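Worksheet: one structure, shown below.
Chains as they are written, first to last, in the numbering used here: chain A, 17 to 333; chain B, 17 to 333.
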């Protein structure tokens with residue numbers, strides 16, 4: 017994969033995706049000693065960066081491919097991205113979602129016009145459900161991260177960040193299946209070659225960190241973490257080699273740290289960030305990533321969280 | 017007051033205030049039939065537009081005036097605006113605040129380096145406390161809205177909005193003492209002369225609406241509303257005539273409606289908005305202001321709310 021594919025994706029997304037704002041926080045800079053730029057993909061359409069990859073993938077369909085519709089499986093944000101991209105491009109979308117997905121994500125996905133097929137995570141895998149639908153309909157499955165067009169689309173967020181704030185010493189990115197991490201690091205390699213790209217995972221779902229450190233693909237099964245967007249079982253065939261090639265380090269943070277960061281971001285930065293979306297910021301605030309005297313980019317990846325669930329979490333702090 | 021004063025304020029604020037993002041929401045447009053542009057002053061420094069007026073006022077102090085420091089009284093956002101402006105300009109600030117002010121506002125004001133003097137709203141007025149301090153120290157009191165430099169500073173938010181999105185049919189603005197409403201309507205009168213400017217107040221504190229409809233200055237005493245930034249007792253000597261001259265209409269919304277709007281904005285728009293900051297959006301979502309087929313600007317004025325208090329509110333819905 018090359019940076020040119022990200023440039024092409026950016027031109028497809030022109031006028032479709034929001035050029036999300038970049039925020040700074042004096043409090044964060046004072047606490048960490050760094051100069052931190054937050055790229056707010058929680059303010060992206062559908063509430064996460066996932067719209068970028070989804071639209072980039074679906075907009076390349078031929079007329080015949082469009083007619084067949086697409087299938088996707090997702091714990092949430094990829095679902096919404098595919099659903100809205102399908103709606104904008106006139107492509108029928110079917111989303112396979114776990115019955116335990118947050119209500120806000122189910123409602124939003126349906127709101128974008130997708131057909132939602134629920135499955136019980138204890139009975140069957142989402143791959144089985146999606147494969148069966150795909151076989152019945154002859155429709156392709158668009159995976160949530162391990163796909164060149166998805167990775168290229170996700171790489172446009174970091175591209176925008178570098179174009180707005182210039183070169184950085186460090187870019188901190190959350191990691192589920194590493195679609196965003198891969199795309200971001202390809203953008204960094206061209207637009208800010210000296211930039212160290214750091215991936216951040218939830219402690220309970222640290223498969224990518226173990227894979228990165230050992231050089232062998234590691235897996236995890238249904239990790240127990242509030243970062244529901246990073247419960248992916250492993251890196252992919254495309255993303256694992258990209259992470260090994262381009263990423264400088266991987267760190268983990270725990271759910272308690274995530275919750276404290278969310279509280280800070282909501283109350284002080286005035287933005288709603290979901291647990292997965294707070295992974296990178298948490299690594300910076302807990303100093304697991306040392307940003308002292310560095311110019312640092314942080315990707316805030318999503319804001320899709322059930323507000324009542326978040327309210328209950330916050331009242332425990 | 018003229019638009020030229022707002023232009024001067026904008027140049028003083030260049031590089032000091034954030035040019036806040038303008039957001040749109042497909043859901044809002046679908047529900048209301050309008051094309052709505054949200055100017056996000058909750059993402060302004062100190063979490064509200066009040067920094068604009070405060071910085072514009074303090075930056076015009078002479079060296080001698082700077083040395084004497086300033087005093088302000090405020091239920092919160094003006095306090096933070098003055099405190100940060102003072103810190104940036106090297107001016108000592110003393111803020112008189114009610115002891116019942118939200119903890120997040122007290123903490124933030126102190127965090128910006130201000131001295132905070134608390135008073136009991138049942139024992140004494142804030143004017144009495146501030147007047148005594150001013151007499152003792154020979155320092156000026158910077159009022160929260162009824163001051164030309166404050167009004168001019170607040171008018172820069174609407175100026176930015178018109179410059180970004182072009183002329184509008186309607187601009188909907190929250191109203192406490194009408195510093196923002198006055199400044200916004202002066203900007204509208206020059207940059208979008210056909211634009212109707214609508215003020216929105218909490219139902220319990222509807223003094224400005226009554227003043228507007230009757231043409232006689234009306235007051236209210238400690239109104240019971242969650243919109244704590246709009247509990248002002250009346251319009252001012254400067255703002256009342258400006259409202260009469262430039263504003264097209266005034267409407268009110270109640271606390272239940274405000275809370276539902278906040279819930280929507282937090283969960284769907286991914287931004288933290290305080291009750292007062294949600295006044296204008298509430299008027300649009302409840303259709304008290306009809307935006308059908310219109311291009312409409314809405315000022316989201318602040319995001320300073322105690323997160324645990326908001327969490328408890330949301331759990332009652």
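No residue lacks a Cβ here, since even glycine has one placed at the ideal position from N, Cα and C.
Owing to the predicted nature of the structure, the values given are computational and were not obtained by experimental measurement.
Pull up the distance between the alpha-carbon of residue i and that of residue j, whole angstroms please.
| i | j | result |
| --- | --- | --- |
| residue 307(B) | residue 295(B) | 15 Å |
| residue 310(A) | residue 300(A) | 11 Å |
| residue 115(A) | residue 136(A) | 6 Å |
| residue 259(A) | residue 105(A) | 31 Å |
| residue 90(A) | residue 111(A) | 7 Å |
| residue 229(A) | residue 267(A) | 10 Å |
| residue 227(B) | residue 197(A) | 57 Å |
| residue 170(A) | residue 94(A) | 11 Å |
| residue 102(B) | residue 108(B) | 6 Å |
| residue 331(B) | residue 318(B) | 22 Å |
| residue 100(B) | residue 128(B) | 5 Å |
| residue 134(B) | residue 193(B) | 21 Å |
| residue 79(A) | residue 73(A) | 14 Å |
| residue 315(A) | residue 57(A) | 7 Å |
| residue 144(B) | residue 181(B) | 44 Å |
| residue 251(A) | residue 219(A) | 15 Å |
| residue 210(A) | residue 25(A) | 24 Å |
| residue 282(A) | residue 212(B) | 33 Å |
| residue 29(A) | residue 261(B) | 45 Å |
| residue 49(A) | residue 269(A) | 20 Å |
So, using beta-carbon positions, are residue i and residue j closer together than 7 Å?
| i | j | result |
| --- | --- | --- |
| residue 61(B) | residue 22(B) | no |
| residue 320(A) | residue 126(A) | no |
| residue 205(B) | residue 175(B) | no |
| residue 191(A) | residue 164(A) | no |
| residue 98(A) | residue 123(A) | no |
| residue 160(A) | residue 87(A) | no |
| residue 84(A) | residue 63(B) | no |
| residue 177(A) | residue 55(A) | yes |
| residue 292(B) | residue 246(B) | yes |
| residue 248(A) | residue 277(A) | no |
| residue 253(B) | residue 162(B) | yes |
| residue 158(B) | residue 150(B) | no |
| residue 242(B) | residue 265(B) | no |
When you compare the CB of residue i with every CB in chain A, is at least one pair closer than 7 Å?
| i | result |
| --- | --- |
| residue 9(B) | Absent from the structure is residue 9(B), since the part of chain B shown begins at 17 and ends at 333. |
| residue 93(B) | no |
| residue 288(B) | yes |
| residue 283(B) | yes |
| residue 63(B) | yes |
| residue 49(B) | no |
| residue 59(B) | yes |
I'd like to know whether the C-beta of residue i is nearer than 7 Å to at least one C-beta of chain B.
| i | result |
| --- | --- |
| residue 178(A) | no |
| residue 37(A) | yes |
| residue 330(A) | yes |
| residue 243(A) | no |
| residue 122(A) | no |
| residue 323(A) | yes |
| residue 129(A) | no |
| residue 319(A) | yes |
| residue 327(A) | yes |
With distance defined between alpha-carbon atoms, name the residue in the options nearest to residue i.
| i | options | result |
| --- | --- | --- |
| residue 173(A) | 162(A), 229(A) and 188(A) | 188(A) |
| residue 167(B) | 18(B), 50(B) and 40(B) | 18(B) |
| residue 185(B) | 46(B), 305(B) and 325(B) | 305(B) |
| residue 274(A) | 100(A), 290(A) and 256(A) | 290(A) |
| residue 27(B) | 239(B), 48(B), 209(B) and 68(B) | 68(B) |
| residue 96(A) | 82(A), 78(A), 79(A) and 118(A) | 118(A) |
| residue 51(A) | 57(A), 42(A), 58(A) and 59(A) | 42(A) |
| residue 240(A) | 253(A), 223(A), 149(A) and 231(A) | 223(A) |
| residue 138(B) | 269(B), 66(B), 130(B) and 237(B) | 237(B) |
| residue 59(B) | 30(A), 284(A) and 153(A) | 284(A) |
| residue 231(B) | 244(B), 263(B), 221(B) and 201(B) | 263(B) |
| residue 32(A) | 36(B), 76(B), 40(B) and 31(B) | 40(B) |
| residue 280(B) | 38(B), 44(B), 20(B) and 37(B) | 44(B) |
Chain E beta carbons: is any one of them nearer than 7 Å to that of residue i?
| i | result |
| --- | --- |
| residue 104(B) | You won't find chain E in this structure, because its protein chains are A and B. |
Notebook entry, point to check: Which residue spans inside the stretch 40–87 of chain A form an unbroken alpha helix (DSSP H) run of at least 4?
Noted result: 42–48, 66–74 and 79–84
Next item on the list: Taking only runs that begin and end inside the stretch 278–321 of chain B, name each unbroken beta strand (DSSP E) of 3 or more residues, in chain order.
Entry: 311–316
Check: Counting only runs that start and end within the stretch 150–236 of chain B, where is the alpha helix (DSSP H) found for 4 or more residues in a row?
Finding: 164–181, 195–207 and 223–230
Next item on the list: Counting only runs of 4+ residues fully inside the stretch 90–132 of chain B, write out the alpha helix (DSSP H) ranges in chain order.
Entry: 93–105 and 119–127
Item checked: 3-residue-minimum beta strand (DSSP E) runs that sit fully inside the stretch 234–271 of chain B, ordered along the chain -> 265–269
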